[in-house]
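Q:
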Amino acid sequence: MEAANIEQVTGNGKPCEKRTTQVGLLLPDAVVVFEKAEGSAVNLVGKAKGKTARQSIINPDWDFQKMGIGGLDKEFNAIFRRAFASRVFPPEFVQQLGLKHVRGILLYGPPGTGKTLMARQIGQMLNAREPKIVNGPQILDKYVGESEANIRRLFAEAEEEEKRLGPNSGLHIIIFDEIDAICKARGSVAGNTGVHDTVVNQLLAKIDGVESLNNILVIGMTNRKDMIDEALIRPGRLEVQMEIGLPDENGRLQILNIHTSRMREHKKLADDVNLKELAALTKNFSGAEIEGLVRAAQSTAMNRLIKAASKVEIDPEATEKIRVGRDDFIHALEYDIKPAFGTSSEQVERLVSQGIIIWGPPVASILEDGELFIQQARSPDTQGLVSVLLEGPPNSGKTALAAKLALKSEFPFVKLCSPEDMIGYTENAKCQMIKKVFDDAYKSHFSCILVDSVERLLDYGAIGPRYSNSVLQALLVLLKKEPPKGRKLLVLCTSSRRQVLEEMEMLAAFTSVLRVPNLSAPEHLITVLEETNCFRKEEIAKIKRKTEGRRLWVGIKKLLAYIDLARQTDDEHRVYKFLSKLEEENCLEGM
1 MEAANIEQVT GNGKPCEKRT TQVGLLLPDA VVVFEKAEGS AVNLVGKAKG KTARQSIINP
61 DWDFQKMGIG GLDKEFNAIF RRAFASRVFP PEFVQQLGLK HVRGILLYGP PGTGKTLMAR
121 QIGQMLNARE PKIVNGPQIL DKYVGESEAN IRRLFAEAEE EEKRLGPNSG LHIIIFDEID
181 AICKARGSVA GNTGVHDTVV NQLLAKIDGV ESLNNILVIG MTNRKDMIDE ALIRPGRLEV
241 QMEIGLPDEN GRLQILNIHT SRMREHKKLA DDVNLKELAA LTKNFSGAEI EGLVRAAQST
301 AMNRLIKAAS KVEIDPEATE KIRVGRDDFI HALEYDIKPA FGTSSEQVER LVSQGIIIWG
361 PPVASILEDG ELFIQQARSP DTQGLVSVLL EGPPNSGKTA LAAKLALKSE FPFVKLCSPE
421 DMIGYTENAK CQMIKKVFDD AYKSHFSCIL VDSVERLLDY GAIGPRYSNS VLQALLVLLK
481 KEPPKGRKLL VLCTSSRRQV LEEMEMLAAF TSVLRVPNLS APEHLITVLE ETNCFRKEEI
541 AKIKRKTEGR RLWVGIKKLL AYIDLARQTD DEHRVYKFLS KLEEENCLEG M
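The sequence shown begins at 1 in full-length UniProt numbering and counts up one residue at a time.
(1) When you compare the CB positions of N77 and E162, do they come within less than 8 Å of one another, or not?
(2) Pick from E410, I233 and A185: whose alpha carbon is nearest that of M227?
(3) Do D328 and A297 have their C-beta atoms within less than 8 Å of each other?
(4) Report the three-state DSSP secondary structure of residue 615 (helix, strand or coil).
(5) Check whether the Cβ atoms of I374 and K408 sit closer than 8 Å, and answer yes or no.
(6) Please report the straight-line C-alpha distance between Q202 and K74, rounded to a whole angstrom.
(7) What is the rounded straight-line gap between the Cα of Q121 and the Cα of I258?
(8) Taking only three categories from DSSP, how would you classify V225?
(9) From the DSSP output, read off the bridge partner residues of L107.
(10) For D180, count the other beta carbons within 10 Å of its own beta carbon; 16 or more makes it buried, fewer makes it exposed. Which is it?
(11) Might you give, ordered along the chain, the residues of its own chain that have their beta carbon closer than 6 Å to the beta carbon of N223, omitting 5 neighbours on each side?
(12) With distances taken Cα to Cα, identify the nearest neighbour of I526 among G360, E455, I219 and L367.
(13) Please state if the CB of D177 and the CB of N135 are separated by a distance shorter than 8 Å.
(14) Along the chain, where does the beta strand (DSSP E) that runs through E502 open and close?
(15) What are the boundary residues of the alpha helix (DSSP H) that S447 is part of?
(16) Using only the alpha-carbon positions, how far apart do L154 and K206 sit?
(17) Run through DSSP, which three-state label would S379 get?
(18) Excluding the 5 residues flanking S169 on each side, which residues of the same chain have their C-beta closer than 7 Å to its C-beta?
(19) According to DSSP, which residues form a beta bridge with I174?
(20) Tell me whether G461 sits in a helix, a strand or coil according to DSSP, three-state version.
(21) Return yes when the C-beta of D421 is under 7 Å from any heavy atom of the ligand ADP, and no when it is not.
(22) Assuming E239 and G104 form a contact by the criterion Cβ under 8 Å, report the distance between their Cβ atoms to the nearest whole angstrom.
(23) Rounded to a whole number of angstroms, what is the C-alpha to C-alpha distance between D564 and E539?
(24) Given a cut-off of 8 Å on the beta-carbon distance, is the pair E157 and V199 in contact?
(25) Output the distance between the C-alpha atoms of P522 and V554, rounded to the nearest integer angstrom.
(26) Quick check: G392 and R515, are their CB atoms within less than 8 Å of each other?
(27) How about L269 and T260: are their beta carbons less than 8 Å apart?
(28) Short check: CB of S496 to CB of L389, under 8 Å?
(29) Would you report the Cα separation of residue 649 and L204, rounded to the nearest angstrom?
(30) Would you mind stating whether K558 and N395 have Cβ atoms separated by less than 8 Å?
(31) Spell out the partners DSSP gives I356 in its beta bridges.
(32) Between which two residues does the alpha helix (DSSP H) carrying S512 extend?
(33) I need the DSSP call for residue 601, collapsed to helix, strand or coil.
(34) Tell me where the beta strand (DSSP E) around F413 begins and ends.
(35) Check the DSSP bridge columns for K551 and list the partner residues they point to.
(36) DSSP three-state call for T532: helix, strand or coil?
Have a look at this one:
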């Protein structure tokens, strides 16, 4: 015990020297301060517990600028505010507020977006014990009760320190990768063992049970948030749920800077590489895919300096010559790396491979209205969902026009939902496939879905008639469902059966319905013939004379097929063959 000399206290204000003593006199204004001995099982509370040495939760050597996490600044700031801000303050202050620290964080989102990287960096940022990183499947064990025991072992060290040090206990971090493997919704796993259910129960009890701990932080990561038991994500457990989505253009630029910094430092990056251009070209790329793109570009550059004849030889000056240039990145974009949630450009471009012929005012009007719908879907002031139905007779070019609008939108995510991709699917499998297309679209900030031949998706048959009610209900729900906040979705559908959709009450689900008609006037036909360059001027003039005053009714797709047939005919009989086919198919009447 420390005490002051009584003679100095009653003197002329001279400073008091402290000394250690076993016996002392308590004055009326004496202040007693208790200090806890190291290893003591007694926990002190209140104002008289003394100033215990407290270690900062943030690693003093940590540099936030060197985290190596690109495009996730907003998410990281939100996690720090929710999970760590309270841990920066002294325990006494936290007790005065009656505050319980956040004990759990759930990071979810598409694969490769940086969930594991962020969890790893959080562990390094904190001045805490080495994080315990465990994959979900590692918890499961074939022996009865061992899976639950594995959960208890993860928390044993934190429990022991909580009992020993109380509020002054250090932070224990437990990171669960693929947490959906062990925390599926209870009752959803087939079988009578109930192993998954008891594992979930054990984890819930440890995070926020009767004897809950205040010195733990559980970080869970998953691609399938929908599979996790709801009790695990309520407040008090994994209450901070952060979606780690696909990076925007600025985020992609940050990621490219991170993965090319070493090349720039050693002057291995060519001067013609513009990272801003690459960030614009890598729409819907995840962080892992951008890293893969850089690796693919590096491998292309290295391959130029390898001679493979009878044996593989490396240019002796390769280390000095090698420069990763723009062409290497473009080659990697075209041939090596494709985004998992990116544009289905090959499929959509195939639908409009022959181009769009503006044969009359109806087509021009559809394209003009389509531009307005694209602007409406892109605008931040409008609702997040815009759905348009292009309906008209068969072969009128609805799919090509929808594909043209989808590509014209230049949205990062453009996906084709077509009946040809679901041949032989059961009703349930078809519903799941359609739902997956929409779920993937919600992960991008701007998305466009092209649903081709809605009546074919519904298995509609005129003889009967019959259709799939399950698919109908799924489409009705998805066409009316608003995307998550801040996301924009444009849905373009095509159908040749407007009356059928009207009877199914589907037309009300669309923002607008656009009519795509057939060609109905000879001048429409002449415009198409002039655009295709199949007939000579004198032949077009002859066709114009033959069709003048006659009734025409033909779809642009069928007309282009007749023009292709005419190309195979000799010059002398080309016009006759073309007109006779129109008459045979009742596309041209009169005379």
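Where is the CB? At the ideal position from N, CA and C, for every residue including glycine.
A: Taking the definition as stated:
(1) no
(2) Closest by C-alpha distance to M227, out of E410, I233 and A185, is A185.
(3) With contacts defined by Cβ atoms closer than 8 Å, D328 and A297 form a contacting pair.
(4) With the chain running from 1 to 591 in the structure shown, residue 615 is simply not present.
(5) yes
(6) 33 Å
(7) Rounded to whole angstroms, Q121 to I258 spans 15 Å at the Cα level.
(8) Reading the sequence as shown, one finds Lys at residue 225 and not Val. K225 falls in the helix class under three-state DSSP.
(9) M221 and M242
(10) buried
(11) P111
(12) G360
(13) yes
(14) Per DSSP, E502 belongs to no beta strand (DSSP E); it is in the alpha helix (DSSP H), R498 to E503.
(15) Counting along the chain, S447 falls outside any alpha helix (DSSP H), though it belongs to the beta strand (DSSP E) covering F446 to V451.
(16) 10 Å
(17) coil
(18) Only residues of its own chain outside the window of five on either side were considered, and among them E161, E162 and N215 have a CB closer than 7 Å to the CB of S169, listed in chain order.
(19) K132 and V218
(20) For G461, the secondary structure class from DSSP, reduced to helix, strand or coil, is strand.
(21) The ligand ADP is not among the ligands present in this structure, which contains no ligands whatsoever.
(22) Between G104 and E239 the Cβ distance is about 6 Å, and since that is below 8 Å, they are a contact.
(23) Going from the Cα of D564 to the Cα of E539 covers about 15 Å.
(24) no
(25) In this structure, the CA atom of P522 is about 11 Å from the CA atom of V554.
(26) yes
(27) yes
(28) no
(29) In this structure the chain extends from 1 to 591, so residue 649 is not present and cannot be described.
(30) In contact: K558 and N395 (Cβ atoms closer than 8 Å).
(31) Its beta-bridge partners do not exist; DSSP assigns none.
(32) Per DSSP, S512 lies in no alpha helix (DSSP H); the unbroken beta strand (DSSP E) holding it starts and ends at S512 to R515.
(33) Look at the range of the chain in this structure, 1 to 591, and you will see that residue 601 is not part of it.
(34) F413 to C417
(35) Contrary to the premise, residue 551 reads as Arg rather than Lys in this sequence. Bridge partners of R551: E589.
(36) helix
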